[in-house]
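Some notes on the structure that comes next.
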Amino acid sequence: MSAESSSNVVPWPIAPRPFYEEAFGGWLGRVATRYQVSVAMLWQMSASEPLPSLGTAGWILFPPISQTALQRFSTLARLDEDRLRHIQTPSAWLFNWRCVPYCFRCLVLNDADVAVPRWKREWLDPTAEFCSVHHTVLETVPASVFRLSGHFAAALRAISRYREKRVQGPQMAALAELTDTISVAADAISTNFELQQRPPS
0 MSAESSSNVV PWPIAPRPFY EEAFGGWLGR VATRYQVSVA MLWQMSASEP
50 LPSLGTAGWI LFPPISQTAL QRFSTLARLD EDRLRHIQTP SAWLFNWRCV
100 PYCFRCLVLN DADVAVPRWK REWLDPTAEF CSVHHTVLET VPASVFRLSG
150 HFAAALRAIS RYREKRVQGP QMAALAELTD TISVAADAIS TNFELQQRPP
200 S
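Terminal number for the sequence shown in numbering that gives the first Met the number 0: 200, no gaps in between.
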C-alpha cells in the first residue's frame with residue numbers, strides 16, 4: 000500500500016491492542032467483537048483484498064496476511080507493522096485441525112489485563128502439548144467452535160458451553176452410579192427387613 004493510499008485509510012475509532020503473545024486471529028476476533036460484526040465482515044470492510052482461505056479452525060488459525068493487508072490493518076489500528084507481524088501464524092502451523100488445544104486458566108486469567116481474555120499464539124503450534132505457564136496438559140475444544148462463531152466473544156461462549164457439557168457428563172455418570180448403589184442397598188435392606196418379619200418356621 001502506497002503512502003498516499005495509506006493516508007486515505009481512516010483508523011478505527013477504537014481498536015484493542017494485541018497482546019505480545021496473542022494470535023493474530025484471536026486479536027482480529029476481539030476487534031470484530033468490539034464492533035459486533037463477524038471476522039469475515041470485518042475483513043471485508045477493512046481489507047482491500049479477499050479474505051484468505053480459512054481451514055477447519057476458521058479465523059483463529061488465520062494464515063499470514065500480505066504486506067498490503069498488514070500495512071492496512073496497522074493503519075486502522077494505529078499500530079506499528081512489526082507489532083502485527085510478530086503475532087502472525089507461521090505457515091507451517093496451518094492444517095485442518097479437528098480440535099484446537101488451549102489452557103483455560105491462561106485464556107480467562109490474562110496477566111496483562113485480567114478483564115480481557117485472549118488466545119495465545121503458542122497454542123496454535125502443532126507440537127504444543129503443555130501450558131508453558133501452568134505446566135499442565137492443554138485442553139482441547141472442537142475446531143468448529145471458531146468456524147461457527149462470528150467473533151471472539153461468541154467463541155468464548157461456545158467454549159464455556161462445551162466445557163460445561165464435558166464436566167456435567169462425568170458428574171451425571173457418577174450420580175447415576177451412586178443412585179444405582181443406593182437402590183441396591185435399599186433393596187438389600189428391604190429384603191433383610193422382610194426376612195426378619197417372617198414368623199419362624
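We put the CB at the ideal spot given by N, CA and C, even for glycine.
All figures in this text were calculated on a predicted structure; none of them were measured in a lab.
Buried or exposed (CB count within 10 angstroms, at least 16 for buried), residue i
i	result
V183	With a pLDDT of 47 at V183, under the threshold of 50, the modelled position of that residue is not reliable, and the figure given next carries that caveat. With fewer than 16 Cβ atoms within 10 Å of its Cβ, V183 is classed as exposed.
I13	exposed
S73	buried
A111	exposed
H133	exposed
L123	buried
Q70	buried
R120	buried
A56	buried
S202	Only positions 0 to 200 of the chain appear in this structure, which leaves residue 202 out of reach.
T209	For residue 209 there is no data in the structure shown, the boundaries of the chain being 0 and 200.
S148	buried
L93	buried
E80	exposed
V166	exposed
E163	exposed
A114	exposed
L108	exposed
For residue j and residue i, believed in contact at Cβ under 8 Å, the rounded distance
i	j	result
I59	Q87	The pair is not a contact, with the Cβ atoms about 13 Å apart (cut-off 8 Å).
P116	L155	6 Å
V140	F129	Rounded, the Cβ-Cβ distance is 17 Å, inconsistent with contact.
V30	P15	6 Å
G8	L75	At residue 8 the sequence reads Val, which differs from the Gly that was named. Right, their Cβ atoms sit about 6 Å apart.
P49	P62	No, P49 and P62 are not in contact; Cβ-Cβ is about 12 Å, not under 8 Å.
P10	R84	At roughly 18 Å, the Cβ-Cβ gap does not stay under 8 Å, so P10 and R84 are not in contact.
C98	A142	6 Å
A68	A39	The pair is not a contact, with the Cβ atoms about 14 Å apart (cut-off 8 Å).
F151	G25	6 Å
P125	R82	Actually they are not in contact, since the Cβ atoms of P125 and R82 sit about 25 Å apart, beyond 8 Å.
Residues that residue i bridges to, as DSSP identifies them
i	result
P100	T139
F129	V136
K119	E21
Residue span of the alpha helix (DSSP H) that contains residue i, given as start and end
i	result
V30	F23 to R33
Q66	Q66 to L75
S45	V38 to S45
D79	Unbroken run through D79: none, as it is neither H nor E.
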